[in-house]
Amino acid sequence: MELLKKKIEQEGIVLSNTVLKVDSFLNHQIDPELMLEIGKEFSQRFANKGITKILTIESSGIAPAVMTGLQLNVPVIFARKRKSMTLINDLLTSTVRSFTKNETNEISVSQKYITENDQVLIIDDFLANGQAAIGLIDIVQQAKATIAGIGIVIEKAFQEGGQHLRDKGFHVESLARIASLEEGKVLFVSEKTSEVMK
Ligand code: 5GP
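The opening residue of the sequence shown carries number 1154 in my numbering; numbering runs sequentially from there.
Structure (structure tokens):
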């Protein structure tokens, strides 16, 4: 998705060989117009999949997921990372090791929002080693629902998550695929290298 790649080139900050910071439009401040375009792109890529629900994980998956839900006209559920006083009964839970925060979270979703008739589209902001996606897949499978696909805003293709999920047969669509973050530069898969502004 060219618009997204341009935004990464202009505003992304390479923190290390494995971590890209995009706080100016996705992970802290949010660019609503870009999120809307992302929602349109996901809805096109997963059209005709009969999607009935979108599942993401708080907090950075919520904006792209909501915009996709708006386009597909389906509800959006986000897995919670923290215990909530109002979310206590009949939970589907899984364990996710956070790539960026170096902590393990028990994520949870109320089982009343995903049923066995649902075709679920999983959406997240980043795909690295695939732990967040695997946790969300686990929750959908516990609900005996079907995984219609996995939509990722930014995939770091040099990490193992994308390959692992595709090898398992999941339909993964990533809007920007990064081949490398070495030497402070973002190199997109099969595309040009761009110097990233610090
Ligand atoms: P995974 O579970 O695939 O290893 O990592 C994906 C999760 O970690 C995403 O939900 C995202 O929040 C976070 N993450 C992984 N890599 C990056 C990165 O390079 N930059 C940012 N901002 N978040 C990342």
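For every residue, glycine included, the Cβ atom is placed at its ideal position computed from N, Cα and C.
- If you draw a straight line from the Cα of I1267 to the Cα of S1247, it is about 15 angstroms long.
- In the structure shown, I1292 adopts helical secondary structure according to DSSP, grouped into three states.
- Residue pairing for R1198: DSSP places it in no beta bridge.
- Using a 10 angstroms sphere on the CB of P1217, the tally of other CB atoms reaches 16 or more, which defines it as buried.
- Between D1291 and A1285 the beta-carbon gap is near 11 angstroms, outside 8 angstroms, which marks them as no contact.
- In the three-state reduction of the DSSP assignment, G1304 falls in the strand class, which pools E and B.
- Annotated as distal: G1322 and G1283, with beta-carbon spacing of 9 angstroms or more.
- Remark: the C-beta of Q1312 is in contact range of the ligand 5GP, defined as less than 8 angstroms to any heavy atom.
- In the DSSP secondary-structure assignment, F1279 is bridged to I1307.
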